[in-house]
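See structure below.
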Amino acid sequence: MSSKDELAGLYLQEKYDVDGDPEGYGRSNSYRVATTPLTEGDGGDPSKGKSKDGDDAQKKAKKKGKKEKKADLEELKQELEVDWHKITQEELLSRLETNLEKGLTEEEAERRLKRDGPNALTPPPTTPEWVKFVKQLFGGFATLLWIGSVLCFIAQAVLEATIEEAARDNLYLGVVLAFVVIVTGIFSYYQEAKSSKIMDSFKNMVPQEATVLRDGGKHTLDSEKLVVGDVVFVKGGDRLPGDIRIIECKSFKVDNSSLTGESEPQSRGPECTNENPLETKNLAFFSTFALEGNATGIVVQIGDNSVMGRIANLASGLGSGKTPIAVEIEHFIHIITGVAVALGVSFFIIALILKYTWLEAVIFLIGIIVANVPEGLLATVTVCLTLTAKRMASKNCLVKNLEAVETLGSTSTICSDKTGTLTQNRMTVAHLWYDNNIVEADTSEEQKGGEDKKFSETWTSLARIATLCNRAEFKAGQEDKPVLKRECAGDASESALLKYVELAIGNVPSFRKRHPKVCEIPFNSTNKYQVSIHELHTKVEGEKDLPENEKEKDFHHVLVMKGAPERILDRCSTILLDGEEKELDEKMKESFNQAYLDLGGLGERVLGFCQKLLPAEEYPKGFEFEAEEPQNFPLEKLCFVGLMSMIDPPRAAVPDAVSKCRSAGIKVIMVTGDHPITAKAIAKGVGIISEGTETVEDIAERLNIPVEDVDPRKAKAVVVHGQKLKDYDQDMIDEVLREHTEIVFARTSPQQKLIIVEGCQRMGAIVAVTGDGVNDSPALKKADIGVAMGIAGSDVSKQAADMILLDDNFASIVTGVEEGRLIFDNLKKSIAYTLTSNIPEITPFLFFIILDIPLPLGTVTILCIDLGTDMVPAISLAYEEAENDIMKRKPRDPKNDNLVNERLIAMAYGQIGMIQASAGFFTYFVIMGENGFYPRDLFGIRRQWDDRSNNGVVDSYGQEWTFKQRKILEYSCHTAFFVSIVVVQWADLIICKTRRNSIFTQGMKNKMLNFGLLFETLLAAILSYTPGMDKGLNMYPLNWNWWFPAMPFSLVIWIYDEIRRYILRRYPGCWLDRETYY
């Protein structure tokens, strides 16, 4: 038998031989390990996660507290084993000092309640709303603006103290900066206002009441008063009030999806079936749902010590680090602050050298630092992120944290859950085996019925068994819905069969009415089959039905059975082939085994189907069948009909989305609680394991050698079982992540998901994690960006996540990645556009100091640019379409590819900014020259110019100018310099549309940007020509021809950058590319 067949055999054994065999524990490799805390006597290493003896006494309380918290978190990450499920009932009662007949006494229960505390989850410390608001006001970029505002107030105070009738420009600037920070802070706070409701979500999962046995009588009490050792009674519809050991039960099933993420109901019983506490049948867990039946159990853990409690504490205890965009903004602040301080100090020294007073030099220092602050950038970044968040919401990505918008674009690794994210989250019939042929069913999301429904006699019998031996039903009131959209009452596999036959024959309820059930043996974990007996009726006229079988006219009843295929086959002596019963010989058994292995090897859940027509003379109409042993009907020598296999099929859009991720350099890792074979089959189906890529097992099968003899590094792909992962140390996990490009982790626990995320982050990856269950919440919280499912996701996972997929579709994540990359690109463009105008804003001040000329541009005018004309154009770049290589690049390296890097600064300040400054000074000197002051006569004139008492300053023509006349000319120059910046910013806005493409390729399709060009021009005109602006903003109306001096410079900027980008495209990697591509 091949390696593949062996794996399939193990899979099938695990999938169907799962219950009731005490000798079988250890049968399957565990995919999750107990998470209850280590208690005295449990064995294990008591030193794990704790400091050495005596350390605590030597540490200060604060340090000790931090260390203990870290140790507690490390302990929560440990996968600790317990033995509540393995010890005998007598030993359990003895250990917990309780009594099955009478329960605990009220006095003992009260004592334990005082000792252990209430059965509740401890809430984490919460951040007050005012603290969150203050963080918005004083965090990140806002700090720089506050510093600028304070410096303005200091400068104004100094001027007021030393100069009579001092100008109030610095006062206005300080007020405006403070106003900008406050308004932006309020806006950000309202965008992100959300209290941490993770623990509240867990609280909602805690049952309100529990039924317990105390002092020999049943009592209903508040679940918080439940204690370890209580005997509890649970029925279908209840939430489990604690972790309990099942003592006795009847048809008891639980929904563990909130804990494990798996949606199939899990049967429970008093037997220990597995060494793993989360897989054994005799334990049920706090806050999970009881679906049906009833059970009596003993409480073994409560509150924070329960499995759910540990996950809750692990999730709430994890701190999420800074988002990449927050780190980038910090980096940007450091650059701007460095440039500002360096310039300020340099010119402070120059001012002293040029014989300025200490006071004047300090004012210059403050002025230069403030002039370097891009006042409008904070608002621009916030609005850009908000616009992108809204755009992502329209594409089914709901962003809870604005900064998470860009994080998804930085993602280099996606750890994706399988069920519901990569798959459709519904079991579907995938293959059938009948008449000795495997037939593929339609598993598409639109299922219209495939080629398998040929209505052969064998298929007809198979469909009839699937219809009748099936307890699933459609919920009422859904007749108008498409079959696949209808909700079912029943487990996932039976619901899949129900939808399959409904699509094939229609009106299943009517068919069942015409074949009423007269007897049933429900599925149980010992027999592993389900039997029902039905009356045979003729077809009702006018209703769609299965074709009538002439051979069945003489029979009144049919026995139908389904279950684990090998168990069904053992009860059969014949097989239905082309409508004829044939002897089940060794050749057919071999065909059955091969089909079973093939379907199991695809990761599908396989069921066998058989039937027996009951002779009318032995079983006449009205015959009373006995379901209890001994039965009065045959359960042997039945007729095998066929196999049907089911799988949760991949979503149609996922393979393309995974392919896009691979093109974008993003590693997609599957992390699932499902079996390795199923996980591997889905991973291959969606392209996580690409075609032709081999795992160690595949290589072993191809070479026909043992798996142990294969060098793991030769396998590009790997499937890691949770049981093996439990034994991996940090270095081994790192090696798996480093050596393999295509990775699947199967049978993973919540702690293991967290460890996988931490491993990826150690490798330097920006990690996105998807999840829907409570079990996913620690990993979601730890990831750089957590992505929860909006439809199937639990409230807890949604609260822990930064983003919610409204359609539960992996393809939406890829859309989010593209949007995230786009906003990073567009923020770069916005910043490049905004920073460029800093140079024509700063250089007038520097020339004012060094060359001693009249001030070319005023402080208030600078505000008109930063908070006026530049704002809408900068924001409009957020609407720019992606360049064609956006999903072909590798993910950005946070260490090297920064939002603001030296190349961007060099381009904005050293190249485009200098051209803009040249335009401003050219315009300034033109206007001064037209009014009689030639450039040579302006140098060194500043002190005379600003002297209020001097009304006789002479121009180049010998004309005298009063102080008032000089100021009117100066303010006209301010206005002209301002207009020149607007004119050159036209070209800057257009060249910032694209970093590599030609503007002719990119086009002018961005309507917001076109509006931005119009907006800044109209605003400049309004500010220049509106009456009264001379008093409010020191701006005077310009002659219309004074708009033109800057236009040649605008054209130069556009031509220069178009040539630069052409060289970048023509010679990628050249010197110009390395030095100027930002």
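Sequential numbering from 1 applies to the sequence shown in full-length UniProt numbering. Just so it is clear, CB atoms sit at the ideal spot from N, CA and C, and this is done for glycine as well.
From the options, residue whose alpha carbon lies closest to that of residue i
| i | options | result |
| --- | --- | --- |
| P615 | A627, L607, F633 | F633 |
| P854 | Q916, F963, I438 | F963 |
| P482 | E445, G608, P516 | E445 |
| I186 | F609, L378, G793, L144 | L378 |
| R738 | A700, N425, Q761, R662 | Q761 |
| I756 | K828, E275, I733 | I733 |
| F623 | H556, I682, S394, N1041 | H556 |
| V872 | I366, A142, G338, C384 | C384 |
| V767 | S410, N593, A466 | S410 |
| I850 | I350, R567, P128, G236 | I350 |
| V817 | F933, T748, Q751, R662 | R662 |
| D238 | F285, E701, I154, A178 | F285 |
| T184 | Y971, G376, P324, E590 | G376 |
| L1013 | N951, I875, I505, F848 | I875 |
| Q1002 | Q916, M907, E880, V900 | E880 |
| D807 | V979, S94, V654 | V654 |
| E883 | M803, N1006, F925, P935 | N1006 |
| A746 | A681, D729, A801 | A681 |
| R245 | S306, D215, S257 | S306 |
Cut-off 6 Å between Cβ atoms - residues of its own chain near residue i, not counting five sequence neighbours on either side
| i | result |
| --- | --- |
| K197 | Its pLDDT being 46, under 50, K197 is placed unreliably by the model, and the measurement read from it follows with that caveat. Counting only Cβ-Cβ distances below 6 Å, and skipping sequence neighbours, we find Q799. |
| V18 | With a pLDDT of only 37 at V18, under the threshold of 50, the placement of this residue in the model should not be trusted, and no figure is reported. |
| Q478 | R486 |
| P712 | V696 |
| G665 | K890, P891 |
| residue 1098 | In the structure as shown, the chain begins at 1 and stops at 1078. Residue 1098 is therefore absent and cannot be evaluated. |
| E457 | G579 |
| T421 | T770, F810 |
| T413 | K667, C760, A765, V767 |
| E160 | A166 |
| R32 | Residue confidence is low: R32 scores 29 on pLDDT, short of 50, so the model does not pin down where it sits. No coordinate-derived value is stated. |
| P840 | Q916, A917, G920, I981 |
| F252 | R268, G293, A295 |
Residue range of the beta strand (DSSP E) that includes residue i
| i | result |
| --- | --- |
| E440 | 437–440 |
| P615 | 605–615 |
| E880 | Unbroken run through E880: none, as it is neither H nor E. |
| I837 | It is Ser, not Ile, that sits at residue 837 in the sequence shown. Element bounds for S837: n/a, residue is neither H nor E. |
| F640 | 638–647 |
Residue i, enclosing alpha helix (DSSP H) - first and last residue
| i | result |
| --- | --- |
| H974 | 963–991 |
| D1057 | 1047–1066 |
| Q959 | Q959 -> no alpha helix (DSSP H), and no H or E assigned at all. |
| N1010 | 1007–1025 |
| G685 | 676–686 |
| F1000 | 999–1002 |
| F592 | 586–601 |
| D734 | 730–739 |
Own chain, CB closer than 8 Å to residue i, minus 5 neighbours either side, in chain order
| i | result |
| --- | --- |
| T741 | K667, K716, A717 |
| L432 | I438, V439, A441, D452, W459, L462, G642, L643, M644, S645 |
| V227 | L104, A109, R112, L113, D116, N119, V299, I302 |
| R943 | D852 |
Minimum Cβ-Cβ distance from residue i to chain B less than 8 Å
| i | result |
| --- | --- |
| G269 | In summary, chain B is missing from the structure at hand, where a single protein chain is found. |
Contact set for residue i: own chain, Cβ-Cβ below 7 Å, skip 5 residues either direction
| i | result |
| --- | --- |
| W1054 | A987, I990, I991 |
| N898 | E328, H331 |
| P1037 | S1024, Y1025 |
### Query
Which whole runs of the beta strand (DSSP E) in the stretch 480–568 are 3 residues long or more, in chain order?
517–521, 529–535, 555–563
### Message
Extract the residue ranges of the alpha helix (DSSP H) inside the stretch 109–159, only unbroken runs of 4 or more that lie entirely within it.
### Response
129–138
#### Entry: In chain order, each beta strand (DSSP E) run of at least 3 residues that lies wholly inside the stretch 356–428
397–399, 413–416
### Query
Using 8 Å as the threshold, is the stretch 640–647 in touch with the stretch 717–729, meaning 3 or more CB pairs across them?
no
#### Entry: Ordered list of alpha helix (DSSP H) runs contained in the stretch 878–950, each at least 4 residues
902–905, 913–930, 935–938, 942–945
### Message
For the structure I just gave you, are there three or more beta carbon pairs, one from the stretch 488–500 and one from the stretch 592–603, closer than 8 Å?
### Response
no
#### Entry: Inter-stretch contact (C-beta, 8 Å, three-pair minimum) for the stretch 522–534 and the stretch 556–566
yes
### Task
Taking 8 Å as the threshold, find out whether the stretch 213–232 comes into contact with the stretch 291–298 through three or more Cβ pairs.
yes
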